[in-house]
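Asker:
Protein chains: 2
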Amino acid sequence: MKSGYTDQYNTRNKMYVATDCIVFGFDEDGLKLLLFKRKVKPDEGKWSLIGSFVELEEDVDDAARRVLKEITGLEDVFFEQSYTYGKAERDPGYRCISIAQFALIRINDHDRELVKNYGASWHNIESVPQLVLDHDRMVRDAFQKLRDRARRRPIGFELLPEKFTIPQLQQLYEAIYQRKLDSRNFRKKVISLKVLEKLEEKDKTSSKRGAYLYKFDHDNYLKLQESGINFEI
Amino acid sequence: MKSGYTDQYNTRNKMYVATDCIVFGFDEDGLKLLLFKRKVKPDEGKWSLIGSFVELEEDVDDAARRVLKEITGLEDVFFEQSYTYGKAERDPGYRCISIAQFALIRINDHDRELVKNYGASWHNIESVPQLVLDHDRMVRDAFQKLRDRARRRPIGFELLPEKFTIPQLQQLYEAIYQRKLDSRNFRKKVISLKVLEKLEEKDKTSSKRGAYLYKFDHDNYLKLQESGINFEI
DNA sequence: TCAAAAGTGTTACAAATACACCCATGT
DNA sequence: ACATGGGTGTATTTGTAACACTTTTGA
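So the sequences go chain by chain: A and B. Under my numbering, read the first sequence as residues 1418 to 1650, first letter to last. Under my numbering, read the second sequence as residues 1418 to 1650, first letter to last.
1. Only counting the same chain, and skipping five residues up and downstream in sequence, which positions put a Cβ closer than 6 angstroms to that of residue 1507(A)?
2. Kindly list the residues whose CB is nearer than 6 angstroms to the CB of residue 1429(B), restricted to its own chain and excluding five residues on each side of it in sequence; keep chain order.
3. Does the structure place the stretch 1554 to 1574 of chain A close enough to the stretch 1470 to 1488 of chain A that three or more beta carbon pairs sit under 8 angstroms?
4. Spatial neighbours of residue 1584(A) within its chain, please: C-beta separation below 6 angstroms, excluding the five flanking residues on both sides.
5. Check whether the Cβ atoms of residue 1607(B) and residue 1586(B) lie closer than 8 angstroms to each other.
6. Going by beta carbon distance, what residues of the same chain come within less than 7 angstroms of residue 1535(B), once the five residues before and after it are set aside?
7. In the DSSP assignment, what are the bridge partners of residue 1437(A)?
8. Within 10 angstroms of its Cβ, does residue 1571(B) collect 16 or more other Cβ (buried), or is it exposed?
9. Taking one C-beta from the stretch 1521 to 1538 of chain A and one from the stretch 1439 to 1452 of chain A each time, how about it: are there three or more such pairs within less than 8 angstroms?
10. Between 1626(B), 1541(B) and 1469(B), which has its C-alpha nearest residue 1518(B)'s C-alpha?
11. Less than 8 angstroms between C-beta atoms, sequence neighbours within five positions excluded: which residues of the same chain meet that for residue 1588(A)?
12. Closer than 6 angstroms by C-beta to residue 1580(A): which residues in its own chain qualify, once you throw out the five before and the five after it? Chain order, please.
13. Whole-angstrom Cβ separation of residue 1494(B) and residue 1520(B), contact assumed at under 8 angstroms?
14. Rank 1435(B), 1458(B), 1504(B) and 1509(B) by C-alpha distance to the C-alpha of residue 1427(B) and give the top, closest one.
15. Thinking just about the alpha-carbon of each residue, which of 1646(A), 1613(A), 1546(A) and 1462(A) is nearest to the one in residue 1574(A)?
16. Relative to chain A, which residues along the stretch 1511 to 1541 of chain B have a C-beta separation below 9 angstroms, given in chain order?
17. Using a Cβ-Cβ cut-off of 8 angstroms, state whether residue 1498(B) counts as contacting chain A.
18. Over what stretch of residues does the alpha helix (DSSP H) that includes residue 1595(A) continue unbroken?
19. What is the DSSP secondary structure of residue 1649(B), counted as helix, strand or coil?
20. For a contact meaning CB atoms closer than 9 angstroms, what does residue 1428(B) contact in chain A?
21. Relative to the alpha-carbon of residue 1650(B), which residue among 1476(B), 1644(B), 1568(B) and 1638(B) has its alpha-carbon at the smallest distance?
22. Within the same chain, show all residues whose beta-carbon is closer than 7 angstroms to that of residue 1617(B), passing over the 5 residues directly before and after it, in chain order.
23. Quick one: does residue 1494(B) have its CB under 8 angstroms from some CB of chain A?
24. With distances taken Cα to Cα, identify the nearest neighbour of residue 1474(B) among 1514(A), 1458(A) and 1449(A).
25. From 1500(B), 1605(B), 1556(B) and 1595(B), pick the residue whose C-alpha is nearest to that of residue 1464(B); which is it?
26. Buried or exposed: where does residue 1449(B) fall if 16 or more other Cβ atoms within 10 Å of its Cβ makes it buried?
27. Any beta carbon of chain A sitting closer than 8 angstroms to that of residue 1432(B)?
28. Going by alpha carbons, who is nearest to residue 1504(B) out of 1480(A), 1490(A) and 1497(A)?
29. Excluding five sequence neighbours on each side, which residues of the same chain lie with their C-beta closer than 8 angstroms to the C-beta of residue 1491(A)?
30. Using only alpha-carbon positions, find the residue among 1595(A), 1590(A) and 1498(A) that is nearest to residue 1658(A).
31. For residue 1433(B), which residues of its own chain have a beta-carbon under 8 angstroms away from its beta-carbon, when the five flanking residues on both sides are left out?
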């Protein structure tokens, strides 16, 4: 025990439970990760995932919701458990296990001010800085899980705006799979899933010709979520 | 707080971390689950998964290994995290989150005496009794995960004896998927994976003609584990 | 008129599915 | 000789992968 500390203050003398959120966001320039710059010792100034200890009377899921609300201003965020990190030595400061959860949000929906005030910022998924503790591994694992999930269930709904174009949806999948997809095969595949509803309007922000806007058919989307698909493309 | 208790004895005044093991076993009569009959209050006499609190200085994985060793006598058991259950009210006795892990073992390898002494026993996967707390859900979730896993990675290695027949392997998959498979297609598929090594010997315990024994090609099996497959059959 | 992104069809190949009979052997 | 489970092959369908040109329109 460190000298001067009594048991009461020894943070390794008790079990802590934390949750860390791997927040994936998508906007017009791609897939990003929300990180924050630690303001306190140890590791002050280093990048970290956003997270929190789970309170005694709080569900683990609620802790994730609380953190997401606090930092992005958003409620009803889609998130899913990724993995629980339980090595005794994973955090030198506390005996702390962490339940990692990944969240999917539309970057344009969140509260930019709030994020800024928390010292948080968005980082392109291709250029994530080194993170504290085992957070690098958490990001790798969660990204892998996101990829697996995208292959088996549709996921655009949580990341795209209400109305979106097929090229935008394709960009999302390209960012997740980290490779180029064939636009003809992609279009064929997503249309065959029968979850897209074509609108009359066009989006002209990224081409002169404009691309038709679509929205998800919520019912069919949910059915697909439950039944699963094989989105190997 | 219950009267007569001080803070020190109030088990809801501190965070506990437990691990519960969903132990799947396979033998000549099918896929089974290892359960144990609680010997202490509360819920004395009710069926439960095997589990333990995670010690302060112990990795979560090691806690699972410890429990499995204690109850089955086996070391080097294959196990994988399933899900972490973190509702504040999931256990009325303790504020306790539980990391569920599923394990796969060959029933004929384990220590029958030890299991018996612990009040544990094997239950056919089709007829699992009602369990304490949220253990029913843990079993459902883990079985679902096992099914998903079997579809993407080979799993026979952990559950079958060193030498086994193709009909036995098929029985395993039928027990996991809970449906009959076509023997011609099954055989075609597993042979195409190139992880089976055909032996000269035959097993005559279940037919007069006898079925050829096979063993897994360990290297190719591991490669398949890593690269993944689509075992949709 | 040209640059830039949107949209469209066909063919080849691979994999999954459905399906029925003969084989070997112990009793 | 017959009952029992083991073993084999083919045709069909389905899905994936590869591939190139025309359309629209603002600048």
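In this text, a Cβ means the ideal position worked out from N, Cα and C, and glycines have one as well. All values reported here derive from a predicted model rather than from experimental measurement.
Answerer: Quick answer:
1. 1551
2. 1512
3. no
4. 1628
5. yes
6. 1453 and 1488
7. Answer by DSSP bridge pairing, in chain order: 1468(A) and 1517(A).
8. buried
9. yes
10. 1469(B)
11. 1447
12. 1630 and 1632
13. 5 angstroms
14. 1509(B)
15. 1613(A)
16. Listed by position along the chain: 1512, 1514 and 1516.
17. Closer than 8 angstroms to some Cβ of chain A, the Cβ of residue 1498(B) qualifies, so yes.
18. Note, residue 1595(A): premise wrong, no alpha helix (DSSP H); not H, not E.
19. Residue 1649(B): coil per DSSP, three-state reduction.
20. Going along chain A, no residue has its Cβ under 9 angstroms from residue 1428(B), so there is no contact; the nearest lies around 11 angstroms.
21. 1568(B)
22. none
23. no
24. 1514(A)
25. 1556(B)
26. buried
27. True, the Cβ-Cβ gap to chain A drops below 8 angstroms.
28. 1480(A)
29. 1485, 1522, 1526, 1527 and 1528
30. Not covered by the structure: residue 1658(A). The range shown for chain A is 1418 to 1650.
31. If we look at residue 1433(B) and ignore the five residues flanking it on each side, its Cβ neighbours are 1470, 1511, 1512, 1513 and 1514.
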